[in-house]
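Chains as they are written, first to last, in UniProt numbering: chain A, 1 to 997; chain B, 1 to 184; chain C, 1 to 113.
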Amino acid sequence: MSGVNRISGAGRLTPARTARFSFDGRTLTALEGDTVASALIANDIHLVGRSFKYHRPRGILSAGAEEPNALLDVSRDAARRQPNVRATVQEVFDGMKVASQNRWPSLAFDVGGFNDLLSPFFAAGFYYKTFMWPKAAWHALYEPFIRRAAGLGVAPTEPDPDHYASRYAHCDVLVVGAGVAGLAAALAAAKAGAKVILCDEQPDVGGALRYDSGTTIDGKPGYDWAQATGQALAAMDNVTLLTRTTAFGYYNHNFVGLVERVTDHLAAPDKALPRERLWQVRAKKVVLANGAIERHMVFANNDRPGILLASAGRTFLNHFGVAVGKKVGVYTAHDSAYEAAFDLRKAGVAVPVIVDCRERPGEAVLEKARELGIEVLKGHSVVNTTGKLRIASITVARNGGSGARKIAVDALLVSAGWTPSVHLFSQSRGKVKFDAETERFLPGTYAQDCLSIGACNGTDDLQATIDEALAAGELAARAAGAEGGAQVALTGQNAFDWTGGMIGAAEGAGPDTTVKAFIDFQHDVCAKDIRLAVREGMHSVEHIKRFTTNGMASDQGKLSNMHGLAIAAEALGKGIPEVGLTTFRQPYTPITFGAIVNHSRGSLFDPARKTPMHSWEEAQGAEFEDVGNWKRAWFYPKAGESMHDAVARECKTVRDVAGVFDASTLGKIEVVGPDAAQFLNLMYTNAWDNLKPGRCRYGIMLRDDGFVYDDGVVGRLAEDRFHVTTTTGGAPRVLQHMEDYLQTEFPHLKVWLTSTTEQWAVIAVQGPKAREIIAPLVEGIDLSNEALPHMSVAEGKICGVPTRLFRMSFTGELGFEVNVPADYGQAVWEAIWARAEPMGACAYGTETMHVLRAEKGYIIVGQDTDGTLTPHDAGVSWAVSKKKPDFVGIRGLKRPDLVKDGRKQLVGLLTKDPKVVLEEGAQIVADPNEPKPMTMLGHVTSSYWSSNCGRSIAMAVVAGGQARLGQTLYVPMADRTVAVEVSDMVFFDKEGGRLHG
Amino acid sequence: MADQAIATRKVPLAGLRGGSHAAVLTPAAPAARIALRAGKDAVPALSAALGVTLPTRPKTSASTAKRHALWLGPDEWLVIDEDGAELMGAAASSGALHSAVDVSHRNMAIIVSGPGAEVAINSGCPQDLSLGLFPVGACSRTIFGKAEIVLLRTAEDTFRLECWRSFAPFVFGLLSEGAEDAAH
Amino acid sequence: MLLIYCPYCEEERSELEFRNGGDAHIARPTNIAEISDEEFEAYFFLRDNPKGVIFERWRHIHGCGRFFNAARDTVSDRFLTTYKAGEPKPNLDAAPETSATVETYEALEGAAQ
């Protein structure tokens, strides 16, 4: 037997197909298809958790996604453990382990329960008022304490072993919700020929038909019709039917996010299956058929385990075959709860009373109750409940308080009526309007191309819902361009038309400020808290929400919003529309981080870009550093070498012999066209028309505000063709910057830009022996100083493949940069290395490159500049043409702030103690004894140990730096103050003779 | 020089095969490619010189034998020759004003083939790839996860997906996951 | 995520293929070297950030690569039109009103004060 509360013959599960699971260590039997909630109730377990603030015993309240109480820890194995899983959503699979949360030492005896006794101290706004002083105590004491005490579940510690899938999908019509309305709309749209996606959060279609017992559609029982229709839709080529799939977010321009739960219900899922699949749907039309959510009644001690929504009671009985109790009371303000009583009674469960706070319930349900012999107390309210860990009795009184009596029950079904689910409509930025007669917010002004149908649109009558849905489905299909097919006709009949409903506190929630009549179960917010908020001056619903935290839990107030609003409106003496509804945000229900992160983890988190020579570098034992998405060889340590040793050796070797360096990541842009030089004249501060083909020039690029944006060497290959290089990190933005000006400011120029960064592998060979190394490999290029002087470029062959050979240097040595088509990069590198190694040359990485260029005072844009330096500040004003009538930045350079004295300028720094290496980023002051806050003159931008200089060297930006040469300044550090002398930036080979070999 | 061996070519993803029964992933053989830019006036002369009619409608391509011209923008084409034939010289011989830049080594291509090819690519590409909107011969530069790609549909169930060479492992990896999901 | 009609590709594409380029119809002065500080400030630094219709630039950076202009309602994020770079600012009087009919919850909340 799968639980004492399982009713033989009731429900739709197959009794023979059982699954075993554990709850807090106790092994239980469920049926396949059970949710954790239905299985627990079948085993007569209602107590499943402790509340967030007061640690009050809590049970299962609903049977759906709106569940605020039954949040459990569900695990498949050690690594697959998830906290805060709604028991009403999670399906049972064989072998699953379920544990309750937020209790210690046990669920039945929870020490935190004393919070309930202390509750006068935990009034709304308690945290804001109490945990204020001292400020430092917040992080040290208060926050950790609150997090421990007021916890939800415990986060898993192991990496998630599952994988998640993602699909972009497009459709004509997306239908959200597969109840009567959604199924009918999807059918109409599909028959009209539209490409349809229909999704529903439940494991099967049917929506409200899953709990219903009295509806027929086309002569079939409602649920059967739904399954047949679902199967028919799934079989159509133009329909994608997704169950266990929640539409969690409605974003701009009909972009809707769905999460499909693929394996969470399976005992032994195929490892190849993703745990969840994220669908990013772009729909021409969206049809919202979200349905409605039942509200609970707000009265004293309405949160005891065993108190459930009436529709939940019906779902457990009619779908899962489980009675919520043996003696079930009903407390309602709406006719629908009567049907729960009828279903229970027909299943043989005792229903001692239906308490209806209305004087005039619907005639039809009253009649039926009489027929079934169920006592109905009209104009009565439940004013209190008893029962420690499970409801034991209700106290019922005539409205006004007279004639109170106790009635023993072991469960109570409640209903205050139905709240249309306008969540997705609201997320779409549609504006709701308040319907005063039915006291509900309904879709008002639409902001996006969608339609609401059925219960979420306030349509109550079944046939009206069907007709509305069929019309909407066809309309949406036609509007999306579908031209096919037949019209659909359906007729439906339900057992009872429902009336009634109330929002706000019922009798028994009391004006009494000590009564706990819960509105928001998940955040323990009571009716009195809303009143307190109003008394304390909160008049906007947004303020009341934040003061009380009503509706701010992970259920986003699906049950509580309307009650809270009504109580606030009453306390404020205003109408509900004047108080206003809070905004609904994505996601509709919580979604996993796995679904959001999806493929973006591990090696797919970000592209790891590797150069053509990467595998050689790896084989040589290079350490790599990240530069943007690139992996660049950082240094090549030999056995036993520290980074410092390796870099010092590489630096010496390059200057003494030669070094080979992978410069492939440098950005490269080919600028081609008759107006190429004219375009570069505008993009760089330098003049380009006088650069002869075969020669190169170092260029500075500014933004129009006058600040340095990028730099690089530009080679002219032909009159109409330039090979532009950019910084490694700057390549995409420089191309964007150039395209921007070319397309929008200088469109008359006949020139085109093409990124060639990845076309070329670049092998820099630098040092006194550079020419000797490459010479025998090169064909068709005269490498002599005369034919190929410093800053020139020639095309020819190396190792039999085409090359663009640059004579240039970022080290101050005789240097070449060998560009070859990328696929040849490694082979050419190896050929060069085969010559370089026997000569005593080394391979060097980016760290050595940085040191060598700093020895020469060459700046790195982005390290030595920070977007606020002009060419003059950076010491490269020689590169700014004085003759050109225009270039980007020409006017910005003349701005008053950019020409005034005292600007921060790049200078060299030499520590008085040559062995001390400054820290990059360290601040610089003139007077180390100045009281704090000290006057900061600037900071260190680059700092290294230079083995070639035999001392430390540094570059820094210093206010008025160029006028301070020779001055002593100070760098205050935590443990000492370092004295430095301001110098020029060239620390090695000041004459520059080595460049020319 | 004569005694020097000619450098050998090492292509990204060499020898790799992947995907699922729904979408097979195969790195394409090395090809010749140019990024071609030109105004409308130059189209006839360039088409004649290249032996393939440069398409002028968005999202369309033209092919003759192993040579394909893909419309990427109003003045931009990617010309691919699967046999590796020289394209720069051919474009230059047109005599028309244009920019041709050799990008043979910048790009590499992965062939995605099978009934799940669309789904595999849609794991990271936001475009609607249904046959109605992206028919055989359709092409587009677009985005695939965090990489830019150029997509060409060569058959109902086959796409040629071009990306920059350093993005190839990322693209192949994401496609592999998409192909796996397409099989389920 | 926005859906943007590229006037060059003649198709709506996902925002992922695009990059916003700030305000449209701000021409770089042809005599920029001569303009006053105030004129430069107006050209380079000052923008209106309107609530309602904004004319802005987009680049179809992962598509055709072209810059183009758009009129977008900053309240509803609805595009009134997109058009090629260099084309004149369209007259939107004939276009359907959007910001008046599309109000947000935030506006509703404001009214509730």
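Glycine is no exception: its CB is placed at the ideal position from the N, C-alpha and C atoms. On a predicted model such as this, the values are computed, not experimentally measured, just so you know.
Rounded straight-line distance, which links the Cα of residue j to that of residue i
{"i": "A:Cys842", "j": "C:Thr82", "result": "56 Å"}
{"i": "A:Asp989", "j": "A:Gly812", "result": "8 Å"}
{"i": "A:Arg56", "j": "A:Phe109", "result": "11 Å"}
{"i": "A:Lys431", "j": "A:Pro443", "result": "7 Å"}
{"i": "A:Thr438", "j": "C:Ser14", "result": "40 Å"}
{"i": "A:Val801", "j": "B:Glu86", "result": "14 Å"}
{"i": "A:Asp435", "j": "A:Glu468", "result": "19 Å"}
{"i": "C:Cys9", "j": "A:Glu919", "result": "51 Å"}
{"i": "A:Ser881", "j": "A:Ala687", "result": "6 Å"}
{"i": "A:Arg6", "j": "A:Arg345", "result": "15 Å"}
{"i": "A:Val940", "j": "A:Arg535", "result": "57 Å"}
{"i": "A:Val175", "j": "A:Pro221", "result": "23 Å"}
{"i": "B:Ser99", "j": "B:Cys125", "result": "29 Å"}
{"i": "A:Ile773", "j": "A:Cys799", "result": "13 Å"}
Spatial neighbours of residue i in its chain, beta-carbon cut-off 6 Å, leaving aside the 5 residues before and after
{"i": "A:Ser62", "result": "Thr88, Leu309, Ala312"}
{"i": "B:Ala96", "result": "Ala42, Ala45, Leu46"}
{"i": "A:Asp162", "result": "Arg275"}
{"i": "A:Thr754", "result": "Glu670"}
{"i": "A:Phe518", "result": "Asn302, Asp303, Cys526"}
Close beta carbons around residue i, own chain, < 8 Å, minus the five adjacent residues each side
{"i": "A:Ala533", "result": "Ala124, Gly125, His543, Ile544, Phe547, Thr548, Ala568"}
{"i": "A:Ala169", "result": "Ile197, Thr240, Trp279, Gln280, Val281, Arg282"}
{"i": "residue 187 of chain B", "result": "Because chain B spans 1 through 184 in this model, residue 187 of chain B falls outside it and cannot be assessed."}
{"i": "A:Glu91", "result": "Gly33, Asp34, Thr35, Val36, Pro203, Asp264, His265"}
{"i": "A:Lys368", "result": "Tyr338, Phe342, Phe496"}
{"i": "B:Arg9", "result": "Pro30"}
Own chain residues within Cβ distance below 7 Å of residue i, not counting five before or after
{"i": "B:Ser176", "result": "Gly18, Gly19, Leu25"}
{"i": "A:Thr514", "result": "none"}
{"i": "B:Ile111", "result": "Thr26, Ala28, Thr158, Arg160"}
Contact belief for residue i with residue j at Cβ below 8 Å, rounded distance in angstroms
{"i": "A:Ala300", "j": "A:Ala323", "result": "Contact doesn't hold; Cβ gap of about 26 Å is too wide."}
{"i": "B:Phe172", "j": "A:Pro607", "result": "Incorrect: roughly 11 Å between the Cβ atoms, too far for contact."}
{"i": "A:Leu814", "j": "A:Gly767", "result": "7 Å"}
{"i": "A:Tyr251", "j": "C:Met1", "result": "6 Å"}
{"i": "B:Ile121", "j": "B:Leu129", "result": "6 Å"}
{"i": "A:Asp520", "j": "A:Gly473", "result": "Contact flag wrong, Cβ pair sits at about 36 Å."}
Where residue i falls, given that 16 or more other Cβ within 10 Å makes a residue buried
{"i": "A:Thr653", "result": "buried"}
{"i": "C:Phe45", "result": "exposed"}
{"i": "C:Arg66", "result": "buried"}
{"i": "B:Leu133", "result": "exposed"}
{"i": "A:Gly501", "result": "buried"}
{"i": "A:Phe605", "result": "exposed"}
{"i": "A:Gln487", "result": "exposed"}
{"i": "A:Asp270", "result": "exposed"}
{"i": "A:Ser8", "result": "exposed"}
{"i": "A:Ser946", "result": "buried"}
{"i": "A:Arg405", "result": "exposed"}
{"i": "C:Arg36", "result": "Note that residue 36 of chain C is Ser in the sequence shown here, rather than Arg. Exposed, since its Cβ has fewer than 16 Cβ neighbours within 10 Å."}
{"i": "B:Trp77", "result": "buried"}
- prompt: Three or more beta-carbon pairs under 8 Å between the stretch 892-905 of chain A and the stretch 34-44 of chain C, yes or no?
  reply: yes
message: Counting beta carbon pairs with one atom in the stretch 728-742 of chain A and one in the stretch 775-785 of chain A, are three or more of them shorter than 8 Å?
response: no
message: Across the stretch 635-649 of chain A and the stretch 690-701 of chain A, are there enough close Cβ pairs to call them in contact, namely three or more that are closer than 8 Å?
response: no
task: Tell me, please, whether the stretch 47-58 of chain C touches the stretch 712-729 of chain A by the rule of three or more beta-carbon pairs shorter than 8 Å.
output: The stretch 47-58 of chain C, when compared against the stretch 712-729 of chain A, does not touch it at the 8 Å Cβ threshold.
- request: Report yes or no: do three or more beta-carbon pairs, one from the stretch 917-937 of chain A and one from the stretch 947-957 of chain A, lie closer than 8 Å?
  value: yes
Segment contact flag, the stretch 173-193 of chain A with the stretch 139-148 of chain B, C-beta cutoff 8 Å, min 3 pairs: Contact between the stretch 173-193 of chain A and the stretch 139-148 of chain B is absent, because fewer than three Cβ pairs lie under 8 Å.
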